[in-house]
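Protein sequence lines correspond, in order, to chains A and B. Okay, so the first sequence: first residue is 589 according to the working numbering, each after it adds one. Okay, so the second sequence: first residue is 61 according to the working numbering, each after it adds one.
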Amino acid sequence: MVAQSAHTLMDTDYKIVTENLGLQYSDGTESLKDISINIPKNAISVLFGPAGGGKSTYLRVLNRLNDLANVKELSGKAILYSEDGDPLDILDPDIDVTSLRRRVGMVFARPVVLPMSINENLTYGLEVAGERNKNRLNQAVKRSLQQAALWAEVKDRLDDPAVDLSGGQQQRLCIARSLALEPEVLLLDEPTSGLDPISTGKVEASLQELKKEYTIILVPHSVQQAARTADHAAFFLQGELIEYAPGALMFTNPTDQRTADYIEGRFG
Amino acid sequence: MLRLVAIIAVLPIIAILVYIIYKGAPALSWEFITGFPSDGMRSGGIWPAIVGTFFLTMLCTIVVAPLGIGAAIYLSEYAADNRWTQSIRIAIISLAGIPSVVYGLFGLGLFVIFFNFGISILAGSLTLAIMTLPVIITTTEEALRAVPQSFRVVSRSVGATQLQTIRRIVVPQALPGIMTGVILGLERAAGETAPILFTAAVFYLPNLPSSVTDPTMALPYHLYVISTQVPGMEPQIQFGTALVLLLFVLGLNLLATVIRSRARARRQW
């Protein structure tokens, strides 16, 4: 397979590579300074640290949602590699942002379901992309709900308004909505911050399944969640990347004193 | 104490309603609604005035709704918050504050004389359209801004363009509010005398207008005429006309209220 060999030649198992990424908002708030991280494929990379550290901003750069905010300055590099190893310059103003956002899906802290039925929430992204085939739409609905561990609970009420679902179900619906587009990367910004422990457990369990097919970048809502889920972990503090290491190492033996202090709860 | 103030505030409205219904209701009949005036307005009906007000209001809507809604979408969804849009907003607020007789004179100068439309439904509707534009822009913009920002972000995050987001999420969600605004604008257009005084309305016509370039009779103007210009007028006919105009406007108001409350009950945010 040509694709396979090209991939080997790239000598990379990275999905996203950012180099010296810097960002400043026009109002001078939360910004990124020189962030260099390589996000590995088919793993959960966790970005953790105190609020205002730049984690959400970093996520929003990766699917260019920061375009909707007032950004004064954006510097450095952010590259998304396809399955074949083809690089895409995420920051290039001329790329097709719509197709980037389909490849890099986003789930927000507060579950925001669109004011339509469960079914329509899931098909919305495909429909705006021009998909009209009922069969393919239905298949995408079923597959994405199964992947988000929600299928059994809603399969008989797909035409009900999505707001009728519980908070935990809504958040899994939001995950399913991203998955319906068959993205390559899933960005999750504190997806369980508003959920009870049982719902949180369900979401975390589905993430463990999802990472077999997708690359996941998660901003956890607690250090404990970071430790539970991280294959790789990055500690963000005031816009800087303090430390980036495999999860097992990070949470047992951090190298930077600030990381250790934060993990042990001495500040935050 | 405050309750007393509230009651005092409502009293004039109730008084006007009761008084006009009391004095005008006896005049209402099928002949009064569907007949032409006769005997120099002193008897007969007000059908041509009803038709005229209906046409003026409809044409005004057709012109002003797309313009006003379009402008509101631009201001709410596209325009950056800078000097340029601030001056547009100030212009809209000022436009809303201009006395209606000034619109009438403006319509006379621009549409009747400069564009040579003559005294016509067209000239009157366009004048009313300019007058109602600020109402519709302001209410539509409010309705659009009330749609949660998070819907827009989510829509964009799954790859929808800004235009798709506006068409498929923002406008449908704001639609009840937009319709309420349009109807409130129409209500104002239907009830005003001054803007059509020099641009569309005439004292008496033997026939209904047959095209938009014809002049027309209209309810508010008719009421003004029979109240001040016709000696020996029967008060019953005056109050009957006032009652019909009132019912027309209140009917529109009621429609707006129904749309708003039904939408609120169904709204999912």
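Beta carbons: idealized from backbone N, C-alpha and C, even for Gly.
The beta-carbon separation of V695 of chain A and L775 of chain A, rounded to 7 angstroms, stays under the 8 angstroms limit for a contact. Taking CB atoms only, W90 of chain B has no neighbour in chain A less than 8 angstroms away. Its Cα nearest to that of V807 of chain A, the residue A:S644 stands out among A:L795, A:R691 and A:S644. Taking C-alpha positions only, A768 of chain A is separated from V751 of chain A by approximately 19 angstroms.
Between the region 80-97 of chain B and the region 288-301 of chain B there are three or more inter-stretch CB-CB distances shorter than 8 angstroms, so the stretches are counted as touching. At a cut-off of 8 angstroms between beta-carbon atoms, V659 of chain A makes no contact with chain B.
Exposed is the label assigned to I786 of chain A, since fewer than 16 other Cβ atoms lie within 10 Å of its Cβ. The beta carbon of S215 of chain B sits closer than 8 angstroms to those of Q224, T225, R228 and I229, all from its chain and outside the five residues before and after it, given in chain order.
Residue pairing by DSSP puts N626 of chain A in a beta bridge opposite A:V605. At a cut-off of 8 angstroms between beta carbons, G219 of chain B contacts chain A. Using a 10 angstroms sphere on the CB of E671 of chain A, the tally of other CB atoms stays under 16, which defines it as exposed. Nearest to V811 of chain A by alpha-carbon distance, out of A:F855, A:L733, A:Q826 and A:E828, is A:F855.
When the Cα atoms are used, A657 of chain A and R205 of chain B turn out to be separated by approximately 17 angstroms. Taking A132 of chain B as reference, the option from B:G104, B:P194, B:I158 and B:T187 with the minimal CA-CA separation is B:P194. When DSSP assignments are scanned along the region 623-675 of chain A, the uninterrupted stretches of alpha helix (DSSP H) that are 4 or more residues long and fall wholly within it turn out to be 643-650. Inside the region 204-233 of chain B, DSSP marks whole alpha helix (DSSP H) runs of 4 or more residues at positions 209-217 and 222-225, from first to last along the chain.
In the assembly as shown, Q735 of chain A is a buried residue. Its beta-carbon has 16 or more other beta-carbons within 10 Å. Assignment of beta strand (DSSP E) within the region 738-801 of chain A, counting only whole runs of 3 or more residues, yields 773-777 in chain order.
Collapsing the DSSP output to three states places Q727 of chain A in a helix.
Listed along the chain, the chain A residues whose CB falls inside 9 angstroms of the CB of S210 of chain B are F696, R698 and V700.
Close to T686 of chain A, with beta-carbon spacing below 8 angstroms, are these residues of chain B in chain order: G219, A220 and T221. Of all alpha-carbon atoms in B:A316, B:T94 and B:V162, the one lying nearest the alpha-carbon of G241 of chain B is that of B:A316. M694 of chain A: not part of any alpha helix (DSSP H); member of the beta strand (DSSP E) spanning V692 to V695, first to last residue. Look at W144 of chain B: its C-beta is not under 8 angstroms from any C-beta on chain A. E852 of chain A sits in coil when the DSSP states are folded into three classes, being neither helix nor strand. At least 8 angstroms separates the beta-carbon of M239 of chain B from that of I122 of chain B.
Considering only B:E252, B:L306, B:N313 and B:T198, the residue with the shortest C-alpha distance to I148 of chain B is B:T198.
Look at R324 of chain B: its C-beta is not under 8 angstroms from any C-beta on chain A. Note: V70 of chain B is not bridge-paired with any residue in the DSSP secondary-structure output. For A139 of chain B, the secondary structure class from DSSP, reduced to helix, strand or coil, is coil. At the C-beta level, I190 of chain B and Y163 of chain B come within 8 angstroms of one another. Chain B has no Cβ within less than 8 angstroms of the Cβ of R724 of chain A. Judged by beta-carbon spacing, G827 of chain A lies beyond the 8 angstroms limit of G664 of chain A, meaning their Cβ atoms are not closer than that value.
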